[in-house]
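For the sequence shown, our numbering assigns the number 1071 to the initial residue and increments by one for each residue that follows. All C-beta atoms, glycine included, are put in the ideal place defined by N, C-alpha and C. As the structure is a prediction and not an experimental result, all values here were calculated from the model. Down below is the structure, laid out as structure tokens.
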Amino acid sequence: MMMIAAVTGPEIASAQSVRTAGINDLDKNAFLKLLITELRNQDPLSPTDDKEFIAQLAQFSSLEQMQQVNKAMEAFVSNQVAFQAAGLLGRTVSATASDGSAISGKVDSVRFEKGTPILKVGDAEVPLE
């Protein structure tokens, strides 16, 4: 795989590398169903304290906000990669091909394949990573 470093600024991670692992998309409806089930099945002789429910709701709200921030960050990184690729249009770049040969030339166009920008440098196509 060929690699090209950023022209200016720090290198931006690809959108594929920014992911969450093991967190399912829960919504408020799922939480409320769980809460209602918990209320129905609680022991009538020792009911659950209201403060516990409020704490659970606050924790869930916090988790939901973190998931929204994560989605926004993924979109931001994806846009940064696109802007970085667009910034290379018309510039001369140097890259190393997967076979070890050097490629140098002006970036004529950019296309995207599965979120990864592919730069057209002369007759060669170089993925921006």
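Practice item. Rank D1120, N1149, S1174 by C-alpha distance to the C-alpha of F1182 and give the top, closest one. Key: N1149
Exercise for review: Measure the alpha-carbon distance for T1107 versus P1117 and round it to whole angstroms.
Suggested key: 13 Å
Exercise for review: Enumerate, from N- to C-terminal direction, the unbroken beta strand (DSSP E) stretches of 3 or more residues contained entirely within the segment 1140 to 1167.
Suggested key: 1162 to 1166
Check your understanding: Should L1189 go down as buried or exposed, given a rule of 16 or more other Cβ atoms within 10 Å for buried?
Key -> buried
Point to revise | Which of helix, strand or coil DSSP assigns to S1179 | key: strand
Practice item. Find out if the Cβ-Cβ distance for the pair V1177, G1160 is shorter than 8 Å. Key: yes
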